[in-house]
Amino acid sequence: MSQKKLWVKVPALICCLFVWTSCSNDDYEAISKPPYETEFSALLKTLDWGTDTCFVYGHKTPDVDAVTSALSYAKLMQLMGYNCKAKVSSAMNRETAYIARVFGFALPELKSSVVPQTRLILTDHSDYAQCVDGAREAVILQKIDHHVEGDIADSGIPFVRREMIGSTNTIIFEMYKEQGIAIDDETARIMLAGIISDTRNLSKTTTQGIDTMALQALTAQLAISPDSVVRLNRGMEDAATDYTGMTDAEIFLSDYKDYEFSGLPLGFGSLVCKQSQMEAFIDRMLAVMPEVMQQKGRQMIVAKIDNMVENTGDDRMARPYVENGTYFIYYGEGTKQLAEAIFGPSLREGVCYTTENLSRKQIVPRIAEEITTN
């Protein structure tokens, strides 16, 4: 049996496999341990676990999906008999703090670096620039992710599961089901938080059918109504866009990731702003980008800004604003050429716009292709 298992599924195949492997919510809640050895459980026995704790990390500047996927996957490994513990490598954002408080689950402890030969499992990222410090000298045993492959090559890790879907927690939900392991209510709340956040309650363009199935199963288990999910999503959105008391640099870095493409270090922020405030907000972010670039040691700094307009639909009470296009701002040598190759002519210096509602995970592959081929 191979020690390498890479999962990359198209949406239709995801749905088919889910139906094939799934059982009813009542069925899997009754199971506490897998009744038989699976291919995955057999593979885990072959990994070099060492003698100390294996740490499970999401990416730096962790968002809700990064934090909760580390927690839910560490719990799965514990239930399968392995000494794993979730950690975070940097401070968590306000949205994560909000939903942890509402759902009542404990957040991982901060551990900003690891020593050589530490055993690691990575969730929700695939680039060393986003890893805990020391990851290059660590032993990476597994990677569970929903982004394109980064510079942490899949081929160098014993087990990789990477699916291009809305949330890392959806992948982990599948894995609990496939192993026949019950999801306790606390873990269900943790996973649900990650799925709601990273799909914006199933509204993002990266959302797939399997995300919907996972969210519905978890809300059924927890007896949470659709209206309650809407309110949770609204509260999380409000927390994510609450920049009160933050400096402009802190705002820019509130949802930020580092990348390296062909040796070129690039920083990428993800921001949200109401359309009525957009011009002033863009000016502030452009003004702080040189400072951020120096602080982070990047050669290029970019950000996407979701353009939020007033919702005039029937659901406006639940969601007063909806996304309408994406602004893309840039700073640094070569960024104008890069931005315009992807989005077309700039609106003004440092600013491009597209009518597409794009997530960072959709823009990053375009940036990587443009940099590596030019």
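Adding 15 to a residue's 1-based position in the sequence shown gives its number in this note's numbering. Cβ coordinates follow ideal geometry from the N, Cα and C atoms, glycine included. Treat the numbers as computed from the prediction; the structure is a model and nothing was measured.
Where residue i falls, given that 16 or more other Cβ within 10 Å makes a residue buried
i           : result
residue 375 : buried
residue 330 : exposed
residue 270 : buried
residue 116 : exposed
residue 157 : buried
residue 139 : buried
residue 77  : buried
residue 215 : buried
residue 236 : buried
residue 125 : exposed
residue 363 : exposed
residue 60  : exposed
residue 248 : buried
residue 388 : exposed
residue 327 : exposed
residue 370 : exposed
Reference residue i; option with closest CA among the options
i           : options               : result
residue 92  : 197, 274 and 208      : 197
residue 152 : 246, 84 and 133       : 133
residue 189 : 137, 233, 250 and 298 : 233
residue 367 : 208, 318 and 62       : 318
residue 225 : 205, 387, 192 and 118 : 192
residue 56  : 97, 74, 76 and 87     : 97
residue 99  : 120, 72 and 108       : 72
residue 68  : 112, 289, 227 and 89  : 89
residue 372 : 341, 112 and 388      : 341
residue 143 : 300, 54, 171 and 120  : 171
residue 87  : 108, 110 and 122      : 122
residue 316 : 294, 355, 287 and 348 : 348
Spatial distance of residue i from residue j (CA atoms)
i           : j           : result
residue 46  : residue 219 : With a pLDDT of only 38 at residue 46, under 50, the local geometry of the prediction cannot be trusted, and the value read off the model is given with reservation. Cα to Cα, the separation comes out at about 33 Å.
residue 253 : residue 79  : 14 Å
residue 65  : residue 182 : 30 Å
residue 296 : residue 200 : 40 Å
residue 166 : residue 303 : 28 Å
residue 147 : residue 314 : 21 Å
residue 346 : residue 365 : 6 Å
residue 195 : residue 94  : 11 Å
residue 155 : residue 135 : 5 Å
residue 130 : residue 82  : 21 Å
residue 41  : residue 174 : Any reading at residue 41 needs caution, since the residue's pLDDT is 40, under 50, leaving its predicted position unreliable; the model's value is listed next. Roughly 30 Å separates the two Cα atoms.
residue 84  : residue 102 : 11 Å
residue 307 : residue 58  : 43 Å
residue 344 : residue 291 : 17 Å
residue 210 : residue 382 : 26 Å
residue 239 : residue 261 : 33 Å
residue 352 : residue 221 : 27 Å
residue 274 : residue 312 : 11 Å
N-terminal and C-terminal residue of the alpha helix (DSSP H) that residue i is part of
i           : result
residue 100 : Counting along the chain, residue 100 falls outside any alpha helix (DSSP H), though it belongs to the beta strand (DSSP E) covering 99-103.
residue 305 : 293-311
residue 230 : 224-237
residue 56  : 54-60
For residue i, three-class secondary structure by DSSP
i           : result
residue 43  : Annotation note: pLDDT 35 at residue 43 (below 50); position unreliable, no value reported.
residue 378 : helix
residue 266 : helix
residue 247 : helix
residue 116 : helix
residue 364 : coil
residue 171 : helix
residue 106 : coil
residue 212 : helix
residue 192 : helix
Contact test: residue i Cβ vs the ligand MN heavy atom, cutoff 7 Å
i           : result
residue 236 : As far as ligands go, the structure on display features none, and thus does not contain the ligand MN.
N-terminal and C-terminal residue of the beta strand (DSSP E) that residue i is part of
i           : result
residue 157 : 154-160
residue 341 : 336-346
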